[in-house]
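Numbering (my numbering), first residue to last: 37 to 436. Here's the structure, in structure tokens; my notes come after.
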Amino acid sequence: TLLERLKEEIAKKWFHLKKKKVLFYQDNAPCYKLMKMMAKLQEVVYKLLPHPLYSLDLKRMLGGRGVKMDEEVIVVTEVYFKAKGNAVVPPSITDWFNCFGSGKARSSELPPLASDIYAIGTQESVYHQKEWVKRVITDLNNLYNREFKLVKCASLWGICIVIVVKSELMNVVSKVKHSSVKTGIANALGNKGAVGVSFYVGQTSFCFVNCHLTSGNEHVLRRNQNYHSILRGLNLGQKDCFDLSLSFHYLFWFGDLNYRIDLDVANRTNVPSWCDRVLWKSYPELDIQNTTYGCTDEIFTSDHSAVFSTFDVDMLSHCQNIQKSNTINTNKQVKMIFLAAEAKILTTSSTKFHLEFHSTCFEKVICSKKNSLLDLKKKQESLFRNECLSVDFKTFAYPW
Numbered sequence: 037t038l039l040e041r042l043k044e045e046i047a048k049k050w051f052h053l054k055k056k057k058v059l060f061y062q063d064n065a066p067c068y069k070l071m072k073m074m075a076k077l078q079e080v081v082y083k084l085l086p087h088p089l090y091s092l093d094l095k096r097m098l099g100g101r102g103v104k105m106d107e108e109v110i111v112v113t114e115v116y117f118k119a120k121g122n123a124v125v126p127p128s129i130t131d132w133f134n135c136f137g138s139g140k141a142r143s144s145e146l147p148p149l150a151s152d153i154y155a156i157g158t159q160e161s162v163y164h165q166k167e168w169v170k171r172v173i174t175d176l177n178n179l180y181n182r183e184f185k186l187v188k189c190a191s192l193w194g195i196c197i198v199i200v201v202k203s204e205l206m207n208v209v210s211k212v213k214h215s216s217v218k219t220g221i222a223n224a225l226g227n228k229g230a231v232g233v234s235f236y237v238g239q240t241s242f243c244f245v246n247c248h249l250t251s252g253n254e255h256v257l258r259r260n261q262n263y264h265s266i267l268r269g270l271n272l273g274q275k276d277c278f279d280l281s282l283s284f285h286y287l288f289w290f291g292d293l294n295y296r297i298d299l300d301v302a303n304r305t306n307v308p309s310w311c312d313r314v315l316w317k318s319y320p321e322l323d324i325q326n327t328t329y330g331c332t333d334e335i336f337t338s339d340h341s342a343v344f345s346t347f348d349v350d351m352l353s354h355c356q357n358i359q360k361s362n363t364i365n366t367n368k369q370v371k372m373i374f375l376a377a378e379a380k381i382l383t384t385s386s387t388k389f390h391l392e393f394h395s396t397c398f399e400k401v402i403c404s405k406k407n408s409l410l411d412l413k414k415k416q417e418s419l420f421r422n423e424c425l426s427v428d429f430k431t432f433a434y435p436w
């Protein structure tokens, strides 16, 4: 029986019994209960619930390395799938593609509905790229009884992203690019980092980024640095654009971000967290609707649940009035004028200072000229005198 097999595994010499922690599948849900096993084996009480995939989950809990997956979809759709370890691919991932499970999910009573674009990401994966791409496309073809085509498969060590679209969209897919950034030890190892793919569907641009950031509750600053390194380092889109997040009509950023939710817990191997996220951004004139966001209940080969998210997005062909009304003449310079800026001077020893302006709209940091406090005050007095204003000039500065 399953209980006897469990006791045999526990009794092995490599499984020291004195205060060990084991994760158990509980209540047919995608969560795990931590149990402490104390002293003698016969004192341990096990509650094992029947489940067709429990034996597969048991192997992972008793020493096998697992697979952690996340998935995301958009209509134009993205699906992101993240794997961990050397475990085999689960026998079925159709519920994941269909967005069945917990959270904001589709009803399992509804028939399968194919999305236009799938972005599938894996992490800490040992799958061979060709075999994995073949598996994904075959499963999608069989599930929806239609043909899907590969746009791009790109990887960085164990981080991989696969983009597939419906076959009828391939003739309007163009400008496909891919790039990767390492943020591991000394920014030289690819165990952490990101891989991204960008492309156009007609006149609409898309970018998908699969990232794995530094883990650990104490490494928030390092995770923030990872993010900025990825943002600067991914060579996608137009080179003259200021920021990756402003370079595409739609940007989808997903993966194991490792940002934690602070909860009071006791005796846990891992603090409860929602590390696997799906983030998105679009131009303000374009509408994007998040239709599902959750995790599948049917994949147990990882300590992370498989995440999915789907989106309905506007295409530029449907927004011709927006294009006409907001056309910008690129030959003209755009100026930003700051009428006032408040500066708090914390020392009396400095007689000169300057202002720095930081924005994703700027190609670089903009610095004002250095000013003496006396000259600045004269300029301020003159400016406000012309405007018939009266103000305390000690705390105001202007970037001349």
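Backbone N, C-alpha and C define an ideal beta-carbon position, used for all residues, glycine too. From a predicted model like this one, the values you see are computed outputs, not experimental measurements.
Contact check, residue i vs residue j, beta carbons under 7 Å
i    : j    : result
K228 : G238 : no
V233 : L270 : no
I173 : F184 : yes
G273 : S283 : yes
V370 : S345 : no
A190 : H214 : yes
V198 : I153 : no
K188 : V209 : no
H248 : G291 : yes
L391 : T240 : no
F288 : F235 : no
S251 : N181 : no
K388 : K406 : yes
Chain-order list of residues whose beta-carbon lies under 7 Å from that of residue i (same chain, five-residue window excluded)
i    : result
D323 : D350
V169 : L186, C189 and V198
Q165 : C189, S191 and C196
Classification of residue i by the beta-carbon crowding that lies within 10 angstroms, buried from 16 upward
i    : result
N246 : buried
S418 : exposed
A376 : exposed
S395 : exposed
V401 : exposed
E204 : exposed
I373 : exposed
E167 : exposed
H285 : buried
E160 : buried
K69  : Its pLDDT being 30, under 50, K69 is placed unreliably in this model, and the coordinates cannot settle the point.
Residues near residue i by beta carbon distance below 6 Å, same chain, minus five either side
i    : result
M206 : K185
L192 : S216, G226, G229 and V231
L176 : F184
W316 : F288
P393 : In the sequence under discussion, the amino acid at residue 393 is Phe, which differs from the Pro named in the question. Only I402 meet the Cβ criterion.
R258 : T250
S318 : Y286 and I324
K439 : What is shown of the chain runs 37 to 436, which leaves residue 439 out entirely.
Same chain only: Cβ atoms within 8 Å of residue i, ignoring 5 sequence neighbours per side
i    : result
L267 : D279, L280 and S281
C-beta neighbour in chain B for residue i, strict 7 Å
i    : result
V209 : Absent here is chain B; the protein component of the structure consists of one chain.
Count the C-beta pairs between the segment 324-332 and the segment 259-266 that are closer than 8 Å, then say yes if the count reaches three, no if not.
-> No, the segment 324-332 does not touch the segment 259-266.
4 or more residues per run - each alpha helix (DSSP H) lying fully within the segment 229-290 = 256-269
Entirely within the segment 166-198 and at least 3 residues each: give me those beta strand (DSSP E) ranges in chain order.
-> Within the segment 166-198, the complete beta strand (DSSP E) segments of 3 residues or longer fall at 184-192, listed in chain order.
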